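If you count the sequence shown from 1, position 208 lands on 207 in numbering that gives the first Met the number 0, and the numbers rise without skipping. The beta carbon of each residue, even a glycine, is placed where N, CA and C say it ideally should be. Given the structure is predicted, the values throughout are model-derived calculations rather than measurements. A quick write-up on the structure given underneath.
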Amino acid sequence: MAHNLFVFIDGLPYDVVQETAFLAGLCPYRYKVRPGFGYSVNIHAEMFCGRTPDEVGYLNEWAFDPEHSPLRRLRLPAFLYNEQRRIRLPVLDRGLHVVLRRLSPALAAQNVPFAYQHLFRRTQHSVYRGFLYTPFFQEIEGIHLVLSEKVPMKSGQRDAVSFQQAMDALGTAAHLLVTFCDLDHFGHRYGVWTPEYMERVGNLEEWITRLAEAFLRRHGDGRLFVFSDHGMANVRRGVQVALESALGEVGLRTYAYFLDSTMLRLWVLGDGDLLARAVALLDSLDCGTIISEQERQDFGVTARAFGDLIFVLREGHVFSPSFLGNALPKAMHGHHPEEPGQQTVFLADQQPAVAVRRTLDYYEVFRRSSS
Ligand SMILES: [Zn+2]
Numbered sequence: 000m001a002h003n004l005f006v007f008i009d010g011l012p013y014d015v016v017q018e019t020a021f022l023a024g025l026c027p028y029r030y031k032v033r034p035g036f037g038y039s040v041n042i043h044a045e046m047f048c049g050r051t052p053d054e055v056g057y058l059n060e061w062a063f064d065p066e067h068s069p070l071r072r073l074r075l076p077a078f079l080y081n082e083q084r085r086i087r088l089p090v091l092d093r094g095l096h097v098v099l100r101r102l103s104p105a106l107a108a109q110n111v112p113f114a115y116q117h118l119f120r121r122t123q124h125s126v127y128r129g130f131l132y133t134p135f136f137q138e139i140e141g142i143h144l145v146l147s148e149k150v151p152m153k154s155g156q157r158d159a160v161s162f163q164q165a166m167d168a169l170g171t172a173a174h175l176l177v178t179f180c181d182l183d184h185f186g187h188r189y190g191v192w193t194p195e196y197m198e199r200v201g202n203l204e205e206w207i208t209r210l211a212e213a214f215l216r217r218h219g220d221g222r223l224f225v226f227s228d229h230g231m232a233n234v235r236r237g238v239q240v241a242l243e244s245a246l247g248e249v250g251l252r253t254y255a256y257f258l259d260s261t262m263l264r265l266w267v268l269g270d271g272d273l274l275a276r277a278v279a280l281l282d283s284l285d286c287g288t289i290i291s292e293q294e295r296q297d298f299g300v301t302a303r304a305f306g307d308l309i310f311v312l313r314e315g316h317v318f319s320p321s322f323l324g325n326a327l328p329k330a331m332h333g334h335h336p337e338e339p340g341q342q343t344v345f346l347a348d349q350q351p352a353v354a355v356r357r358t359l360d361y362y363e364v365f366r367r368s369s370s
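The structure is reproduced here in structure tokens:
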């Protein structure tokens, strides 16, 4: 088996790679890649295990699951956040989240309105620890993992440590998987194309070049793969949907919904024309689009547990506030996978065994490279 250096960069858009000729000297094989649907928790399962959301059984970080919600017995007051009763105190609701989160992160989990906490459960999965499927790197003997997300420092300061750890591991590791996760943070915090963001792109290029040159010098048959999970698009405005004004009160006999940063998932729990009314409302908005049945098949998100309806905001828009937070990020991902800013990249110094068009395709390339 040839010696492999795998380098993962969180949130590197294709356009940035093209504009800057990122690693053009090292990696002549360059693919524009459509990301998987959803956020990192799903795209990582695609990249490392070749598994779609339908196969792993979850979409995004929260699932509608009133039977297994840790707070299923708890009915927290609806008066804090309830459009239907026209008593809307979202600011107080968010403020209480901040206070409670300090006391117990489990109780004030994210920004889910207190009145709805009993409907949802977190879907915490990591491909690096006890995952449902075996990630490709676990099948490679002698591989050393350097994970930026495990560096006990603030976002923005972890990649430099990762780089140093990877350089230190070069002498003993037959194969190396290095992750750099700060660029995603720089995107959310400063926006794409800003000086801070572009400086980090430059840092990454320098670090990866030094790492790869040392690795390839050491292993004559060495191969290099540099890959990312999704792009990043600058945010122009926050969106609020008056869903409850149109559809009535949320509940186990009516409907439930979850607002991720860029998507609205809705579950119809009663009879009647609620789904049709929801479709009519969301179709009338020009800030997003309902994912069609054809697209749900294409993206591997057909399970009804993921929502009877999935509405995704166009690039430039995020829900504000969402059930995940209050702050308006400067840039975001997790929009429709076909949108231009969502496209990401797969780079290699030698021709990959199969053509790479989707993040789902990485797994096959990695698997073959290590057999
Ligand atoms: Zn992100």
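ALA255 sits in a strand when the DSSP states are folded into three classes. Separation of SER319 and ILE289 (C-alpha to C-alpha, rounded to the nearest whole angstrom) is 19 Å.
Relative to ligand 1, the nearest heavy atom lies less than 6 Å away from the CB of ASP183. SER227 places its beta carbon 7 Å or farther from that of THR51. Counting only unbroken stretches of 3 or more residues, the beta strand (DSSP E) elements lying wholly within the segment 236-322 are 236-238, 254-258, 262-267, 287-289, 308-312, 316-318, in sequence order. The beta-carbon separation of SER370 and PHE135, rounded to 10 Å, does not stay under the 8 Å limit for a contact. Around the beta carbon of MET0, fewer than 16 other beta carbons lie within 10 angstroms, which makes this residue exposed.
Secondary-structure assignment with DSSP links ASN3 through a beta bridge to ARG222. With contacts defined by Cβ atoms closer than 7 Å, PHE5 and PHE224 form a contacting pair.
Of the candidates HIS96, ARG357, ARG276, the residue whose Cα lies closest to the Cα of GLN341 is ARG357.
Ranked by Cα distance from MET262, the options MET197, HIS335, TRP192, GLY247 are led by HIS335. For PHE47, the enclosing alpha helix (DSSP H) stretches over residues 39-48. Counting along the chain, the unbroken beta strand (DSSP E) around ARG120 starts and ends at 119-121. Rounded to the nearest whole angstrom, the CA to CA distance from LEU281 to SER291 is 13 Å. With a 10 Å radius around the Cβ and a threshold of 16 neighbouring Cβ atoms, PRO34 comes out buried. Counting only residues of its own chain and dropping the five nearest sequence neighbours on each side, TYR13 has a CB closer than 8 Å to the CB of LYS31, VAL32, GLY230, GLN342, THR343, VAL344. Sequence-distant partners of LEU323 (beyond 5 residues in either direction) whose C-beta falls short of 7 Å from its own C-beta, in its chain, are GLN109, ASN110, ASP259, SER260.
When only Cα atoms are considered, ARG120 and ALA347 end up about 39 Å apart. Ranked by how close their Cα comes to the Cα of GLU45, the residues ILE8, LYS149, VAL126 have VAL126 in first place.
Beta-bridge annotation (DSSP): SER227 is paired with ILE8. Counting the other CB atoms within 10 Å of its CB gives PRO27 a total below 16, which places it among the exposed residues. At the C-beta level, ALA330 and VAL249 stay beyond 7 Å of one another. Scanning its chain for C-beta atoms nearer than 6 Å, with the 5 sequence neighbours on each side dropped, one finds around LEU144 the residues LEU176, in chain order. By the CB criterion at 7 Å, ARG264 and ILE309 fall inside the cutoff. Its chain contains LEU58 as the residues whose beta carbon lies nearer than 6 Å to that of PHE305, once the 5 sequence neighbours on both sides are disregarded; these appear in chain order. Across the structure, ILE42 and PHE36 are spaced so that their CA atoms are roughly 7 Å apart. Assigned with DSSP and collapsed to three states, VAL234 falls in coil, not helix or strand.
Linking TRP61 to THR122 through their CA atoms gives a straight-line distance of about 5 Å.
In the three-state reduction of the DSSP assignment, SER368 falls in the helix class, which pools H, G and I. Ranked by Cα distance from VAL311, the first of ARG295, LEU118, ARG303 is ARG295.
Pairing TRP266 with PRO328, the inter-Cα distance amounts to about 27 Å. Bridge pairing for LEU359: absent [DSSP].
The DSSP assignment places 157-168, 181-189 as complete runs of the alpha helix (DSSP H) inside the segment 138-209, in order along the chain (cut-off: 4 residues).
Between HIS316 and VAL238, the C-beta gap is smaller than 7 Å, which places the two residues in contact.
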